[in-house]
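Note that my numbering gives residue 899 to position 56 of the sequence shown, counting from 1, and the numbers run on in steps of one.
Glycine included, C-beta positions come from ideal geometry on N, C-alpha and C.
See below for the structure under consideration.
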Amino acid sequence: MTHTARRIGRSFALVLPVVMVLSGTLAVTSVPWAGTDKDSTLLAASSETVSKPAKPRAAQDILRDKLLVELQEKDPGTALTGLQRAVEQRPSLARHCMSIARALGKAAVEQYGPARAQRFSRPVCDTSFASGVAQFS
844 MTHTARRIGR
854 SFALVLPVVM
864 VLSGTLAVTS
874 VPWAGTDKDS
884 TLLAASSETV
894 SKPAKPRAAQ
904 DILRDKLLVE
914 LQEKDPGTAL
924 TGLQRAVEQR
934 PSLARHCMSI
944 ARALGKAAVE
954 QYGPARAQRF
964 SRPVCDTSFA
974 SGVAQFS
């Protein structure tokens with residue numbers, strides 16, 4: 844009886860790893876993501892969107908964000924001075940000056956209210972700050 848059990852055990856020890864390897868290989872090849880199907884919906888993130896570099900932000904957007912933070916941390920006068928200096932240093936920003944000043948006016952109204960925000964008004968960018976304050980009051 845021990846001889847028969849030993850013989851069955853040896854056969855089982857030889858066959859079991861082969862069966863496990865084959866079943867594992869078959870299981871892996873049968874999942875949808877293993878094939879060449881490009882429109883598989885099982886993947887959480889596709890390789891096309893992950894590897895795209897971020898678009899560089901425009902100089903006027905960076906300046907606007909910087910000045911809005913400065914307005915919140917200090918006051919609108921400081922932000923307007925920063926806008927005026929930035930336009931003097933980079934004349935290419937002059938065409939965006941009015942929209943940036945209006946955005947600063949809107950932010951000043953949200954933070955200080957219309958009456959107090961108007962006190963910070965000065966002739967930067969053709970009085971667009973005052974226009975932004977009046978528009979969002």
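Boundaries of the alpha helix (DSSP H) around Lys909: Ala902 to Glu916. For Leu926, same chain residues with a beta-carbon under 8 angstroms away, outside a window of 5 residues either side, are Leu906, Leu910, Cys940, Ile943, Ala944, Leu947, Val967 and Cys968 in chain order. Around the CB of Leu859, fewer than 16 other CB atoms lie within 10 Å, so the residue is classed as exposed.
Ala951 and Val930 do not touch by the CB rule: their CB atoms are close to 18 angstroms apart, not below 8 angstroms. The C-alpha of Ala958 lies about 37 angstroms from the C-alpha of Pro899. Ranking Thr845, Val861, Leu923 and Phe972 by CA distance to the CA of Lys949 puts Phe972 first.
Its Cα nearest to that of Gly920, the residue Arg965 stands out among Ile851, Arg965 and Ser866.
Contact check for Ala902 against Ser935 passes: the beta carbons are separated by less than 9 angstroms.
Burial is judged here by how many other beta carbons sit within 10 angstroms of a residue's own beta carbon; Leu923 has at least 16 and is buried.
Only buried fits Leu914, as 16 or more other CB atoms lie within 10 angstroms of its CB.
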